[in-house]
């Protein structure tokens with residue numbers, strides 16, 4: 001891949017679960033003008049006090065290598081892994097999608113929700129709220145179909161990702 005071509009990278013970072021770590025990671029991106037397309041963080045090992053941060057970003061190969069190297073230099077960081085380059089991986093998002101409408105529009109939203117395997121988690125005579133997990137592309141497609149049917153609100157988690165097979169992000 002050319003050094004000038006942009007690519008999207010899904011980077012998993014294992015960090016100490018302590019105050020200020022997320023701010024330091026975000027500061028690394030904002031201080032250098034790197035864009036964060038998606039960011040998720042949660043504790044993953046209570047005993048060892050570790051959290052996992054998943055960042056989706058884009059840039060040239062050189063910029064992504066700089067991001068990984070700078071992340072790796074942060075003191076509370078244990079492991080940095082570019083899942084996009086290291087082999088097959090799974091990426092998913094969770095979204096809550098609220099559609100407001102009556103009659104045929106509401107029925108069409110419910111039919112499409114069923115086709116996309118979205119779960120109805122709240123419903124009234126005038127609205128339906130769907131819960132959906134899947135790739136960003138799947139959620140984007142569903143949201144686009146809901147727009148003309150009365151899309152009112154969307155809340156998304158951002159990407160979470162994990163390597164396929166026996167590979168793991170180890171401390």
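Numbering (full-length UniProt numbering), first residue to last: 1 to 171. Just so you know, even glycine gets a beta-carbon here, dropped at the ideal spot from N, CA and C. Keep in mind it's a predicted model, so treat the numbers as computed, not measured.
Between residue 8 and residue 84 a beta carbon distance of about 7 Å is seen, short of the 8 Å cut, so the two are scored as contacting. Per DSSP, residue 132 lies in no alpha helix (DSSP H); the unbroken beta strand (DSSP E) holding it starts and ends at 127-134. Rounded to the nearest angstrom, the gap between the Cα atoms of residue 4 and residue 61 is 8 Å. Excluding residues up to 5 positions away in sequence, 40, 54, 91, 92 and 93 lie with their Cβ nearer than 8 Å to the Cβ of residue 160 in the same chain. Here the alpha carbons of residue 38 and residue 69 stand approximately 19 Å from one another. Straight through space, the alpha carbons of residue 51 and residue 78 are spaced by roughly 10 Å. Residue 87 places its beta carbon less than 8 Å from that of residue 163.
For residue 10, the beta-bridge partners assigned by DSSP are 56. If only complete runs of 3 or more residues are kept, the stretch 83-130 shows the beta strand (DSSP E) at 89-100 and 119-123, in order along the chain. Secondary structure note for residue 25: it is in no beta strand (DSSP E), and the uninterrupted alpha helix (DSSP H) holding it is 21-32. Secondary structure of residue 76 (DSSP, three-state): coil.
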